[in-house]
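Engineer: First, the structure itself, so that you have it in front of you.
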Amino acid sequence: MGSIWERDVLQKELPALQEDKQCDVAVVGAGMAGLLAAFYLQQAGLKVIVLEADKVARGQTAGTTAKITAQHGKFYANLEKTLGPRAAATYAQANLWAISQYQTLIEQRHIDCGFSRRTAYLYTRGTDLEPLERELAAARRAGINAQIAHPQELPFAIGGALAFPNQAQFHPLRFLQALCATLEIYEHSPVTVEGTHVLRTPGGRVRAGQVIFTCHFPFVNYPGLFFARMHVQRSYVLALSGAPALQGMYLDEQEDGLSLRSAGDYLLLGGCGHRTGEMGPANGYAPLRAAAKALYPQAREVAAWAAQDGIPADGLPYIGRYSPRKSDWFVACGFKKWGMSTSMVAASILSDLILERENPWAWLFDPHRLHLRAGAKNLVKDGGKSVRYLFSGAFPRASCTPRQVQPGAAGIVRARGGHYGLYRDEAGRAHYVSIRCPHLGCHLQWNGQDKSWDCPCHGSRFDIDGKLINNPAQQGLLAWQEDS
């Protein structure tokens with residue numbers, strides 16, 4: 001399954017790195033954030049090389065709903081409460097600037113990517129508007145021209161909505177296709193770090209003065225410790241044809257609600273997300289398809305896809321220096337599902353840091369901030385989950401015998417003197433994998449919907465034969481197959 005963005009953009013295959021190179025800045029990860037940072041640094045006269053383990057923009061950028069907005073759920077009231085009005089105003093200013101900067105870049109370079117200004121609505125299906133009114137007051141104090149509205153175009157009744165006018169949406173892959181034309185990018189070039197300034201790929205090494213990690217989840221655990229400061233959530237999107245077009249972009253104030261917006265001839269319906277590795281009956285495509293059928297019975301599904309993103313403990317992305325011990329390393333991660341606006345903010349902060357320019361927002365997103373009050377509760381919660389899954393990874397238990405695993409099902413079994421995950425395909429062939437994540441050893445969970453083994457600690461995912469799908473793990477699983 002692929003997104004509608006992937007379906008109508010034919011990107012040429014780029015070469016893998018096949019020789020040793022030198023550059024001023026190496027960027028690890030060719031998604032929106034990494035490519036924007038590379039673009040601005042190249043425009044400033046630096047030699048930049050981008051290294052991508054897979055293909056350009058085929059990770060989280062391809063899975064986005066592509067809303068460019070400063071409206072990030074019920075966020076400003078809590079940010080103002082925990083970190084003060086300056087923090088809320090800085091966050092708003094950065095994201096509003098990002099929208100305008102996209103428009104400027106698109107107009108200057110004549111990029112045909114369907115960019116259009118829209119109103120973003122945070123709606124409630126209840127009658128109590130007090131939470132939205134609190135968010136309204138905080139948003140206005142932060143400098144956003146917000147208001148309470150009562151739009152009528154949704155297929156269900158709402159009690160009201162918080163409107164952020166003049167936000168935007170676009171086609172992210174068309175945008176990047178134009179932006180990448182002048183960048184030096186190497187696909188299928190996974191990176192191993194050899195010291196601070198040398199990156200090794202299967203085909204060659206890159207020696208860089210400075211390194212940017214924009215690879216979704218930083219895979220160098222020490223220093224940085226990003227694995228201890230965020231978890232990963234997975235979300236789902238359907239593209240529907242035959243559904244009425246929406247003028248606005250909509251998001252439920254409740255975390256388990258729906259997201260809706262139009263994209264050309266399609267309506268994008270999103271929701272039913274969950275922490276990676278913790279899927280329940282209310283999560284995934286099945287309940288989302290049920291909602292689509294109930295809301296738009298005449299519509300037809302034309303695409304379905306999923307994405308996952310890092311959720312930082314205090315709700316603020318990590319953008320800046322990787323570690324005080326690595327002054328030439330930089331990072332951008334933890335975009336909490338708002339990667340389009342945050343990618344532009346990240347490109348601004350990272351390019352300014354490398355070019356030794358002042359940036360008005362860098363202090364807020366500093367990866368080594370001490371916002372303990374804002375994130376302490378989530379740090380404890382995430383830490384507790386990780387400890388539990390680490391323990392179960394170290395001491396796994398069999399849930400069944402190999403013979404009890406039916407075609408199309410999976411389980412934890414004893415085999416070859418240890419515990420392994422077993423998936424039996426429809427032909428009866430058994431696919432065995434190690435059940436411990438190679439990242440830090442957490443116990444993998446079976447995802448029956450996507451037929452993958454998922455890590456609930458940090459979001460790594462593997463297919464039925466142990467091939468790596470999502471990082472931060474950097475290698476696949478021990479695996480083998482047996483006939484029935």
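Heads up: the sequence shown runs through residues 1 to 484, numbered per UniProt numbering. Just so it is clear, CB atoms sit at the ideal spot from N, CA and C, and this is done for glycine as well.
1) What separation, rounded to the nearest whole angstrom, lies between the Cα atoms of TYR250 and LEU154?
2) Kindly provide the ranges of any alpha helix (DSSP H) runs that are 4 or more residues long and lie completely inside the region 29-53, ordered along the chain.
3) Rounded C-beta distance between VAL345 and ALA37? I'm assuming under 8 angstroms.
4) Over what stretch of residues does the alpha helix (DSSP H) that includes GLU135 continue unbroken?
5) Between ALA88 and ALA138, is the Cβ-Cβ spacing less than 9 angstroms?
6) Between GLY143, LYS12, GLN481, GLY29, which has its C-alpha nearest residue 530's C-alpha?
7) Can you name the start and end residues of the alpha helix (DSSP H) that residue 486 belongs to?
8) How is the alpha helix (DSSP H) around VAL345 delimited, first residue to last?
9) What does DSSP give as the partner residue(s) for residue 501 in the beta ladder?
10) Looking at C-alpha atoms only, which residue of ASP425, LEU258, GLY428, TYR432 is the closest neighbour of residue 489?
11) Can you confirm whether the region 207-217 touches the region 323-330 when touching is taken to mean that 3 or more C-beta pairs between the two stretches lie within less than 8 angstroms?
12) What residues in its chain sit with their C-beta under 6 angstroms from that of LYS67, if we drop five residues either side in the sequence?
13) Mapping DSSP to helix, strand and coil, what is ASN471?
14) For VAL302, tell me which candidate among LEU238, GLY280, ALA245 has the shortest Cα-Cα distance.
15) Mind reading off the beta-carbon distance from GLY441 to SER323? Whole number of angstroms is fine, and I expect it under 8 angstroms.
16) Using the C-alpha atoms, what's the distance from LYS81 back to PRO317?
17) For ASN166, which residues in the same chain have their Cβ closer than 8 angstroms to its Cβ, ignoring the five residues on either side in sequence?
18) Output yes or no for whether 9 angstroms exceeds the beta carbon distance between SER262 and ASP252.
19) Rounded to the nearest angstrom, how far is the Cβ of GLU184 from that of ILE49, given a contact under 8 angstroms?
20) Going by beta carbon distance, what residues of the same chain come within less than 7 angstroms of GLY257, once the five residues before and after it are set aside?
21) To the nearest angstrom, how far is it from the Cα of ALA53 to the Cα of GLY466?
22) Start and end of the beta strand (DSSP E) containing GLU13?
23) Going straight from the alpha carbon of ARG109 to that of TYR40, what length do you get?
Structural biologist: Looking at the coordinates:
1) 9 angstroms
2) 32-43
3) About 11 angstroms; that fails the 8 angstroms criterion.
4) 130-141
5) yes
6) In the structure as shown, the chain begins at 1 and stops at 484. Residue 530 is therefore absent and cannot be evaluated.
7) Residue 486 lies beyond the residue range present for the chain, which begins at 1 and ends at 484; the question has no answer from this structure.
8) 339-354
9) Outside the displayed range of the chain (1 to 484) lies residue 501, so it cannot be described from this structure.
10) Since the first residue shown for the chain is 1 and the last is 484, residue 489 is missing from the structure and cannot be characterised.
11) yes
12) GLN169, MET249
13) coil
14) LEU238
15) Actually they are not in contact, since the Cβ atoms of GLY441 and SER323 sit about 22 angstroms apart, beyond 8 angstroms.
16) 18 angstroms
17) ILE99, ARG117, THR119, ASN145
18) no
19) 5 angstroms
20) GLY271
21) 17 angstroms
22) Where GLU13 is concerned, there is no enclosing beta strand (DSSP E), given that its DSSP letter is neither H nor E.
23) 13 angstroms
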